[in-house]
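The letter at position 38 of the sequence shown is residue 38 when you use UniProt numbering, and the numbering goes up by one with no holes. We treat Cβ as the ideally placed atom computed from N, Cα and C, and that holds for glycine.
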Amino acid sequence: MFSPSFCPKCGGGDLGYQLPPGDTHERLMCRGCDYIHYVNPKIIAGCIIEQDGKYLLCQRAIPPRPGTWTLPAGFMEGGETTEQAALREVWEESGVRAEILSPYSIFSVPKISEVYIIFRAIALEITGQYGPETLDYQFFAPEDIPWDSIYYPAIRQILERYIEERQAEVYGIYIGNDDTGKIHFIR
Numbered sequence: 001m002f003s004p005s006f007c008p009k010c011g012g013g014d015l016g017y018q019l020p021p022g023d024t025h026e027r028l029m030c031r032g033c034d035y036i037h038y039v040n041p042k043i044i045a046g047c048i049i050e051q052d053g054k055y056l057l058c059q060r061a062i063p064p065r066p067g068t069w070t071l072p073a074g075f076m077e078g079g080e081t082t083e084q085a086a087l088r089e090v091w092e093e094s095g096v097r098a099e100i101l102s103p104y105s106i107f108s109v110p111k112i113s114e115v116y117i118i119f120r121a122i123a124l125e126i127t128g129q130y131g132p133e134t135l136d137y138q139f140f141a142p143e144d145i146p147w148d149s150i151y152y153p154a155i156r157q158i159l160e161r162y163i164e165e166r167q168a169e170v171y172g173i174y175i176g177n178d179d180t181g182k183i184h185f186i187r
């Protein structure tokens, strides 16, 4: 995670980790002006999009792990809602315009300071045009999904659970983290 080497407020203070008075965590602070630079997690928003019993996956064109497959998702921008970010990322990575149906999964990765928020969605328009972060996109039937080439284990686990639930037409909302490696059901 990026940390500035000089104080963004006073421009000259030495930054270092220390415990601010009354706080519970060490923070990156300026020793000159006491400015606190908070290092917060990045939010990744995306969607599970289904159409006619098939699921949209995008093949990564950029590191890490180009050539692997994943759900369309990416970093939230300032000024966006999580829903707007998810739909924008779907559009940029697949050229698919979608509609969100409901939240589906929240997954934390503390060691790299990321939080994934995945929504259930349906495709409204498929343009066939996708952005530079994608080598290819495809709607896969469950039996044709390249399971061994899914980029991230949590994405595979979320997609597997979703497909099981789709068959029963009963959906939960899930939380999890990579410290435990498990995703838990919440009602």
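Item to check | Minimum C-alpha distance to Asp23 - residue among Ile36, Cys30, Leu15, Gly12 | outcome: Taking the first residue of the sequence shown as 1, we reach residue 23 at position 23. It is Ile36 whose Cα lies nearest to the Cα of Asp23.
Next on the checklist: Report the CB separation of Ile49 from Val115 in whole angstroms; it is logged as a contact under 8 Å.
Outcome noted: As a working mapping, residue 49 is identified with position 49 in the sequence shown. As a working mapping, residue 115 is identified with position 115 in the sequence shown. For Ile49 against Val115, the beta-carbon gap comes to about 20 Å, at or over 8 Å, which does not count as contact.
Item to check | Beta-carbon gap between Thr127 and Gly95 smaller than 8 Å | outcome: Residue mapping note: residue 127 aligns to position 127 of the sequence shown, counting from 1. Residue mapping note: residue 95 aligns to position 95 of the sequence shown, counting from 1. Cβ atoms of Thr127 and Gly95: closer than 8 Å.
Item to check | Residue nearest to Ala168 in terms of C-alpha spacing, selected from Gly53, Glu26, Glu92 | outcome: Against the sequence shown, residue 168 aligns to sequence position 168. Ranking the options by Cα distance to Ala168, first place goes to Gly53.
Item to check | Segment limits, alpha helix (DSSP H) that includes Pro153 | outcome: Along the sequence shown, one-based indexing puts residue 153 at 153. First-last of the alpha helix (DSSP H) with Pro153: 153-168.
Checklist entry - Alpha carbon to alpha carbon, how far is Pro72 from Asn40? => result Position 72 of the sequence shown, counting from 1, holds the residue named residue 72. Position 40 of the sequence shown, counting from 1, holds the residue named residue 40. If you take the alpha carbons of Pro72 and Asn40, they lie about 23 Å apart.
Checklist entry - In chain order, which beta strand (DSSP E) runs of at least 3 residues are fully inside the UniProt domain "Nudix hydrolase" (40-162)? => result Listed in chain order, the beta strand (DSSP E) runs fully inside the UniProt domain "Nudix hydrolase" (40-162) are 42-51, 54-60, 73-75, 96-109, 114-126, 134-140, counting runs of at least 3 residues.
Next on the checklist: Assuming the contact rule is C-beta atoms closer than 8 Å, Glu26 and Leu19 should be a hit. Round their C-beta distance to whole Å, please.
Outcome noted: For this step, residue 26 is matched to residue 26 along the sequence shown. For this step, residue 19 is matched to residue 19 along the sequence shown. With 8 Å as the limit, Glu26 and Leu19 qualify as a contact, their Cβ atoms being about 5 Å apart.
Item to check | Test: Pro72 CB closer than 8 Å to a CB of chain D | outcome: The structure shown contains no chain D, having only a single protein chain.
Next on the checklist: I believe Glu93 touches Cys58 by the beta-carbon criterion, under 8 Å. Please report the beta-carbon distance rounded to the nearest angstrom.
Outcome noted: Position 93 of the sequence shown holds residue 93. Position 58 of the sequence shown holds residue 58. That belief holds up - the Cβ atoms of Glu93 and Cys58 are roughly 5 Å apart, short of 8 Å.
Checklist entry - Thinking C-alpha only, which one of Gln129, Arg156, Gly12, Tyr130 is nearest Pro142? => result Taking the sequence shown and counting its residues from 1, the one referred to as residue 142 is at position 142. Closest option to Pro142, Cα to Cα, is Arg156.
Checklist entry - If we call anything under 8 Å between Cβ atoms a contact, is Lys104 one with Tyr174? => result Sequence index remark: in the sequence shown, residue 104 carries index 104 (1-based). Sequence index remark: in the sequence shown, residue 174 carries index 174 (1-based). Residue identity differs from the one stated: residue 104 is Tyr in this sequence, not Lys. Yes, these two residues count as a Cβ contact at 8 Å.
Next on the checklist: I'd like the span of the beta strand (DSSP E) that includes Leu15, first residue to last.
Outcome noted: As a first step, residue 15 must be located in the sequence shown, where it is residue number 15. 15-18 is the extent of the beta strand (DSSP E) around Leu15.
Next on the checklist: What does the Cβ neighbour count give for Phe75, buried or exposed, with the cut at 16 atoms within 10 Å?
Outcome noted: For the purposes of this step, residue 75 is taken as residue 75 along the sequence shown, with counting starting at 1. Result: exposed.
Item to check | Where the beta strand (DSSP E) containing Tyr174 begins and where it ends | outcome: Stepping through the sequence shown from its first residue, residue 174 is reached at position 174. 173-177 is the span of the beta strand (DSSP E), which, as asked, contains Tyr174.
Item to check | Residues bridged to Arg31 [DSSP beta-bridge criterion] | outcome: Stepping through the sequence shown from its first residue, residue 31 is reached at position 31. According to DSSP, which records beta bridges pairwise, Arg31 is partnered with nothing at all.
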